[in-house]
Amino acid sequence: MNSDALREVFITGTGSVLPGARVGNDRMEDFIGRVGGRPSAVGRRALRWNGIEGRHYALTPDGAPLHSNASMCAGAVQAALDDAGLGVSDLQHLGAATTQGDYLVPGHAGAVQAELGAAALEAVSYQSVCASALMAAKGAWLSVRAGEADVAAACAGEFSSRWFRPAFYEGTALTDRRGRVRIEADFLRFTLSDGAGAVVMEPRPRPGGRSLKVRWIDMTSLAGRFDPCMWAGSTFADRADLKSAWSHGGPATAHAAGAMALLQDFDLLKIVIRAWIGVWLGKVDAGRIAPDQVDHLLCHYSARSLRAEIVGLLENTAAMIPEEKWFTTLPESGNVGSASIWVMLDAFLKSGRGKPGETVLCIVPESGRAMIGFMMLEIV
1 MNSDALREVF ITGTGSVLPG ARVGNDRMED FIGRVGGRPS AVGRRALRWN GIEGRHYALT
61 PDGAPLHSNA SMCAGAVQAA LDDAGLGVSD LQHLGAATTQ GDYLVPGHAG AVQAELGAAA
121 LEAVSYQSVC ASALMAAKGA WLSVRAGEAD VAAACAGEFS SRWFRPAFYE GTALTDRRGR
181 VRIEADFLRF TLSDGAGAVV MEPRPRPGGR SLKVRWIDMT SLAGRFDPCM WAGSTFADRA
241 DLKSAWSHGG PATAHAAGAM ALLQDFDLLK IVIRAWIGVW LGKVDAGRIA PDQVDHLLCH
301 YSARSLRAEI VGLLENTAAM IPEEKWFTTL PESGNVGSAS IWVMLDAFLK SGRGKPGETV
361 LCIVPESGRA MIGFMMLEIV
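Counting in UniProt numbering, the sequence shown tops out at residue 380, every number present.
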């Protein structure tokens, strides 16, 4: 299609779902469980590191699910449609993102569509880690921009807590003789939580209300430079060898090896952070981002300590955006993985902080295999 025919795109509705009551740090292990019946040896250290004060879980203390990932995403899409003054019947494109869906097969988008009760539409699944939210957003944005849809939704959801229950660790290579969980797995149990968020996009702003004009969305993957940094489906040692992935030995063998749990390489993460900053600096050098013209920054990060490291790397560069312009929901609702940026954006808009004409820069780094996404918005 000729670029002259491309349309402007606006986020006209946002929505989020944070399941259950807010859970404080003192009750976390009542929900995710105690491996071997003992409190975690690293839990308190992880909480000091991440700065999270509360979160939400889509299960009860005995592990019974209250929702599915897909139902939370459907709830977020419905909330975003309601916010835009639209109905499910108006939806023409659905992009659904997640780290780990309810099924291995088929894709997440079909499950969300079914939970939403939507009729025939274009549904696209995006599976990665945190940046998958912006993958879905870019698909929705381009669909509206090209004139293929007049109403598109991008959603992202996580049901991480079910992967953190004791059965994923007990009797596996991830626990030592005393039943303690390997730190690369245990830290994540105290970092990630559940929920979903969504945005609705249209080719015109919402009448009588504020909208967000989508100026651009950029995605950069550095997977060719790094081994997986956060993964599930392989052991720590063999994660870069796809021929050693869990499916080749079968689920029982993989579980015993500790290959079914979510893991992270914290030493590699420190290197990947610098690579993310390199991409950020490159966009500033190229004029894609002008820091002094950014009024609000919504940067996803998994922990308060990572924010401090990002600030430390940026503060002596021309790319630094003053911290008083940063907005986050991490202390209140935790790290909801791919859903975090939509939960954050929804809360930002409802806070009343933004004014027409101001810009909002969303940045979503992903440790999965070194990806980072950027989205520039303008309040109208």
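We put the CB at the ideal spot given by N, CA and C, even for glycine.
### Query
When the Cα of residue 157 is compared with those of 71, 87, 80, which residue comes out closest?
71
### Query
Are the segment 8-23 and the segment 76-89 in contact at 8 Å, needing three or more beta carbon pairs?
yes
### Task
Mark residue 248 as exposed unless 16 or more other C-beta atoms lie within 10 angstroms of its C-beta, in which case mark it buried.
exposed
### Query
Do residue 222 and residue 239 have their CB atoms nearer than 9 Å?
no
### Query
Enumerated in chain order, which unbroken segments of the alpha helix (DSSP H) with a length of 4 residues or greater are wholly contained in the segment 325-362?
330-333, 340-351
### Task
Would you kindly work out how many angstroms separate the C-alpha atoms of residue 191 and residue 313, rounded to a whole number?
23 Å
### Query
What did DSSP end up calling residue 195 once you bin it into helix, strand or coil?
strand
### Task
Express the C-alpha separation of residue 323 and residue 232 in angstroms, rounding to a whole number.
34 Å
### Query
Considering only the beta carbon of each residue, do residue 147 and residue 123 sit closer than 9 Å?
no
### Message
Tell me the rounded alpha-carbon separation between residue 1 and residue 145.
### Response
Low confidence applies here, because residue 1 scores a pLDDT of 42, under 50, leaving its location unreliable and the question unanswered by this model.
### Task
List the endpoints of the continuous beta strand (DSSP E) containing residue 90.
It is not in any beta strand (DSSP E) - residue 90 carries neither H nor E in the DSSP assignment.
### Query
For residue 125, which three-state DSSP category applies?
strand
### Message
According to DSSP, simplified to helix, strand and coil, what is residue 39?
### Response
coil
### Task
Check each candidate in 279, 327, 374, 52 and name the one with the smallest Cα separation from residue 302.
52
### Task
Could you say which of 37, 260, 307 lies nearest to residue 178 if we only look at CA atoms?
37
### Task
Report the rounded CA-to-CA distance for residue 379 versus residue 317, giving the unit in angstroms.
27 Å
### Query
Is the beta carbon of residue 319 sitting closer than 9 Å to the one on residue 268?
no
### Query
Do residue 374 and residue 18 have their C-beta atoms within less than 9 Å of each other?
no
### Query
Can the beta-carbon of residue 8 be found less than 9 Å from the beta-carbon of residue 210?
no
### Task
Quick one: residues in its chain with C-beta nearer than 8 Å to the C-beta of residue 417, no 5 flanking neighbours on either side, listed in chain order?
The structure shown does not extend to residue 417, since the chain spans only 1 to 380, so no value can be given for it.
### Task
Name the two residues that bound the continuous alpha helix (DSSP H) containing residue 12.
Element bounds for residue 12: not the alpha helix (DSSP H) but the beta strand (DSSP E), 10-17.
### Query
Between which two residues does the beta strand (DSSP E) containing residue 214 stretch?
212-221
### Query
For residue 260, which three-state DSSP category applies?
coil
### Query
By Cβ distance below 7 Å, which residues in the same chain neighbour residue 160 in space, the five residues on each side in sequence not counted?
192, 193, 194, 337
### Task
Spatial neighbours of residue 277 within its chain, please: CB distance less than 6 Å, with the 5 preceding and 5 following residues excluded, ordered by chain position.
313
### Task
Could you tell me which residues DSSP puts in a beta bridge with residue 281?
Bridge partners of residue 281: none, in fact.
### Query
Can at least three beta-carbon pairs, one atom from the segment 54-64 and one from the segment 90-100, be found at a separation below 8 Å?
no
### Message
Considering only the alpha carbon of each residue, which of 377, 333, 356, 128 lies closest to residue 28?
### Response
333
### Task
List the endpoints of the continuous alpha helix (DSSP H) containing residue 310.
304-314
### Query
Are residue 298 and residue 327 closer than 9 Å when you measure CB to CB?
yes
### Query
From the beta carbon of residue 351, is the nearest beta carbon of chain D less than 9 Å away?
The question asks about chain D, but that chain is absent: this structure has only one protein chain.
### Message
When you measure from the CB of residue 8 to every non-hydrogen atom of the ligand SAH, does any distance come out below 8 Å?
### Response
Questions concerning the ligand SAH fall outside what the structure shown contains, since it holds no ligand whatsoever.
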